[in-house]
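*Asks:*
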Amino acid sequence: MEESREVWKSLSLTHVQYLEGDVIGFILAWSSMLPIFIFVSIVTLVLFRRDLHTVCFGAGLLLNEVLNKILKRVIAEPRPVASHRPTNALGYRMPSDHSQYMAFFSVYVTLFLCIRSHSTGACLERIWKLILVTGVMLSAAACCYSRYYLLYHTPAQIYWGILVGVLTGILWFCMVHLILTPYFPQITTWKVSEFLMIRDYTLIPNTLWFEYCHARAEARSRLRKQKSRAQ
4 MEESREVWKS LSLTHVQYLE GDVIGFILAW SSMLPIFIFV SIVTLVLFRR
54 DLHTVCFGAG LLLNEVLNKI LKRVIAEPRP VASHRPTNAL GYRMPSDHSQ
104 YMAFFSVYVT LFLCIRSHST GACLERIWKL ILVTGVMLSA AACCYSRYYL
154 LYHTPAQIYW GILVGVLTGI LWFCMVHLIL TPYFPQITTW KVSEFLMIRD
204 YTLIPNTLWF EYCHARAEAR SRLRKQKSRA Q
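In our numbering, the protein residues as written are 4 to 234.
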């Protein structure tokens, strides 16, 4: 009587392999985790800020990921075979999901900073935006290159992932900025939006300063009321 063979699969969400002792591979392995860090950050922002634009940004990242899964199934091109990786870890990898994700993210953030973000025209603000855009682009480049260096994707899979991500990021930003944003004030009046405390910060140039001023004013008001009741 033959024993049934059980096939074990690993939860590969954070499973990135690199050659032991390879410092560059170690750094690139961490850069390959950037999509996960970004996703967690976006979810955290949505939960704590409840801003409509952040919600739309997160929805765009999810739709971009769904598109990637569909393209992989349709194209059905396997990942490159590596001697250190078991055969059950192989799968469809055209286009590269990491490259597509980071291309979408970097393009959307760049367009947001250059077009949608309120600007005073100050030199320091321009320098700060340039630093942010440069950092985002370099992070995306490092993540994309890590997929080739660590033998997870071929150059063609990475190039197509970048192309799809760039196009999707541009299209989604245009949709949010030109089509959805005019409806944000109306959406915030819906009962479900009021229940979930959904907000629209579109017309507020500096949300951190806005929240700080309102929190300070509310604290002072409550302190005065507390003192008046104590007298």
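Just so you know, even glycine gets a beta-carbon here, dropped at the ideal spot from N, CA and C.
Go ahead and pull the three-state DSSP assignment for Asp25.
*Replies:* DSSP places Asp25 in coil when its eight states are reduced to three.
*Asks:* Below 8 Å on the Cβ atoms is my contact criterion, and I expect Leu22 with Ala145 to pass it. Report the Cβ-Cβ distance as a whole number of Å.
*Replies:* No, Leu22 and Ala145 are not in contact; Cβ-Cβ is about 17 Å, not under 8 Å.
*Asks:* Can Ile118 and Phe176 be called in contact, C-beta distance under 9 Å?
*Replies:* In this structure, Phe176 lies closer than 9 Å to Ile118 by Cβ.
*Asks:* Mind checking whether Ala79 and Gly168 have CB atoms under 9 Å apart?
*Replies:* No.
*Asks:* Going by the DSSP bridge assignment, what does Arg202 pair with across the sheet?
*Replies:* Partner(s): Asp54.
*Asks:* When burial is assigned at 16 or more other CB atoms within 10 Å of the CB, is Asp100 buried or exposed?
*Replies:* Burial call: buried.
*Asks:* If Leu55 and Ile190 are in contact, beta carbons under 8 Å, what's the gap, nearest whole angstrom?
*Replies:* Indeed they touch by this definition, with Cβ atoms about 6 Å apart.
*Asks:* Quick test of the definition: if touching needs 3 or more C-beta pairs under 8 Å, does the region 154-164 touch the region 127-145?
*Replies:* With the cut-off at 8 Å, the region 154-164 and the region 127-145 do not touch.
*Asks:* From what residue to what residue does the alpha helix (DSSP H) around Trp131 run?
*Replies:* Where Trp131 is concerned, the enclosing alpha helix (DSSP H) stretches over 126-152.
*Asks:* Run through DSSP, which three-state label would Ser231 get?
*Replies:* Helix.
*Asks:* Rounded to whole angstroms, what is the Cα-Cα separation between Ile27 and Leu114?
*Replies:* Each residue's Cα considered, the two are about 31 Å apart.
*Asks:* For Thr210, collect the residues of the same chain with a Cβ closer than 6 Å to its Cβ; drop the 5 residues on either side in sequence, then sort them by chain order.
*Replies:* If we look at Thr210 and ignore the five residues flanking it on each side, its Cβ neighbours are Tyr204.
*Asks:* Taking the straight line between their C-alpha atoms, what separation do you get for Ala218 and Ile73?
*Replies:* Cα-Cα distance, rounded: 45 Å.
*Asks:* Along the chain, where does the alpha helix (DSSP H) containing Phe115 start, and where does it finish?
*Replies:* Phe115 -> no alpha helix (DSSP H), and no H or E assigned at all.
*Asks:* Taking just the CA atoms, how far does Arg52 sit from Ser196?
*Replies:* Answer to the nearest angstrom: the Cα atoms are 13 Å apart.
*Asks:* In whole angstroms, give me the CA-to-CA distance for Ser109 and Ser142.
*Replies:* If I take the Cα positions, the gap works out to 9 Å.
*Asks:* Which residues bound the alpha helix (DSSP H) around Glu171?
*Replies:* Just to set this straight, residue 171 is Thr in the shown sequence, not Glu. Its alpha helix (DSSP H) spans residues 158-177.
*Asks:* Check the C-beta distance from Phe60 over to Tyr111 and give it rounded, since I have them as a contact under 8 Å.
*Replies:* Indeed, because the Cβ distance is near 7 Å, the residues count as touching under 8 Å.
*Asks:* Answer with buried or exposed for Cys216, where buried requires no fewer than 16 other C-beta atoms within 10 angstroms of its C-beta.
*Replies:* When all chains shown are included, Cys216 counts as exposed.
*Asks:* Give me, in chain order, the residues of the same chain whose beta-carbon lies closer than 8 Å to that of Ser120; leave out the 5 immediate sequence neighbours on both sides.
*Replies:* Correct list, in chain order: Lys132.
*Asks:* If you count every other CB in all the chains shown that lies within 10 Å of the CB of Val58, and 16 or more means buried, which is it?
*Replies:* It is buried - the Cβ of Val58 has at least 16 other Cβ atoms within 10 Å.
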